Amino acid sequence: MKNLITTVLAVIAIVFSVNNIAANEIKLQINTEDVIASSELQSVFDNYFAVKDAFIKSDAKSASAKAADLLTAITAVKMDKLKSNEHTVWMKVVKKLTSDAKAISSNTDIKKQRESFKSLSKNTYDLIKVSNPEQPVYKQYCPMADADWLSKEKAVKNPYYGSSMLTCGNVVETIK
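Anchor point for the sequence shown: position 90 equals 90 in full-length UniProt numbering, and the numbering is continuous, going up by one each time.
Put into structure tokens, the structure is as follows:
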């Protein structure tokens, strides 16, 4: 009788262990899929921030080069890898993102580039808002330019006026 009870308990323990291992494998697979999906847009976001940083330095040539990199990142996005809410927003903004990146990359007049950056920032905001970024992203606003931009840092560094008005603006939203 003791052997039977021991055997039954051992079988129950094995069944629970197998179920636990299977559940952990499913969780790992889901988390891996989330990382893959979020990384699909990460290059677009990283290149957007590089363009913004070039504008902070008032470097039209660098902004042009960084916008060309952004354009490459936009065209490399595999839409079938996006989450459904990201895909919906992507379809709404991809043409404008592409157009703005082209306008910035093909121009060396910083005033014209910054005008395109306003639209680029608006559409990138729409996209990052549904992407649930891993670290906070700050939507900032400059009343002088009447325009928003996105930043990884809470400290304001204005891309619309560069060093002439570097700290003009404020944080209007934190995206988490």
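Cβ coordinates follow ideal geometry from the N, Cα and C atoms, glycine included. Treat the numbers as computed from the prediction; the structure is a model and nothing was measured.
Taking residue i as part of the beta strand (DSSP E), name the residues at either end of that continuous run.
| i | result |
| --- | --- |
| Arg147 | Inspection of the sequence shows that residue 147 is occupied by Ala rather than by Arg. Run containing Ala147: Ala147 to Ser151, per the beta strand (DSSP E) assignment. |
| Lys139 | Val137 to Cys142 |
Please identify the residue among the options whose C-alpha is closest to the C-alpha of residue i.
| i | options | result |
| --- | --- | --- |
| Tyr138 | Ala67, Ile110, Gly169 and Lys112 | Gly169 |
| Lys96 | Gln140, Thr124 and Ile12 | Thr124 |
| Ser58 | Lys129, Glu173, Thr108 and Leu150 | Thr108 |
| Thr167 | Ala67, Gln42 and Tyr141 | Tyr141 |
| Glu153 | Val171, Ile12 and Pro143 | Val171 |
| Gln113 | Glu40, Ala54, Asn132 and Ala13 | Ala54 |
| Leu41 | Ser163, Ile12, Asn132 and Tyr161 | Asn132 |
| Thr88 | Glu115, Lys129, Met1 and Ala13 | Lys129 |
| Glu173 | Pro143, Ser164, Trp149 and Ser163 | Trp149 |
Could you pull the start and end residues of the alpha helix (DSSP H) that residue i belongs to?
| i | result |
| --- | --- |
| Asn85 | Ser84 to Ser105 |
| Thr167 | Premise fails: Thr167 is in no alpha helix (DSSP H) and is neither H nor E. |
| Tyr160 | Unbroken run through Tyr160: none, as it is neither H nor E. |
| Ser58 | Premise fails: Ser58 is in no alpha helix (DSSP H) and is neither H nor E. |
| Glu115 | Ile110 to Ser131 |
Mind reading off the beta-carbon distance from residue i to residue j? Whole number of angstroms is fine, and I expect it under 8 Å.
| i | j | result |
| --- | --- | --- |
| Leu127 | Val93 | 6 Å |
| Ala50 | Lys66 | 4 Å |
| Ala63 | Asn47 | Going by Cβ atoms, the distance from Ala63 to Asn47 rounds to 11 Å, so no, they are not a contact pair. |
| Val44 | Leu70 | 7 Å |
| Lys78 | Pro159 | About 29 Å; that fails the 8 Å criterion. |
| Ser99 | Ala68 | Rounded, the Cβ-Cβ distance is 14 Å, inconsistent with contact. |
Counting only the same chain and skipping the five closest in sequence on each side, list residues whose C-beta sits under 6 Å from that of residue i.
| i | result |
| --- | --- |
| Lys176 | Pro136 |
| Ser151 | Tyr138 and Gln140 |
With a CB to CB cut of under 8 Å and the five nearest residues on each side skipped, what residues in its chain are close to residue i?
| i | result |
| --- | --- |
| Lys111 | none |
| Asp146 | none |
Sorted by chain position, which residues of the same chain lie with C-beta nearer than 7 Å to residue i's C-beta, five sequence neighbours on each side aside?
| i | result |
| --- | --- |
| Lys102 | Leu71 |
| Ser163 | Ser58 |
| Glu115 | none |
| Ala13 | none |
| Thr7 | none |
For the 8 Å Cβ check, are there 3 or more pairs between the segment 106-120 and the segment 73-89?
With the cut-off at 8 Å, the segment 106-120 and the segment 73-89 do not touch.
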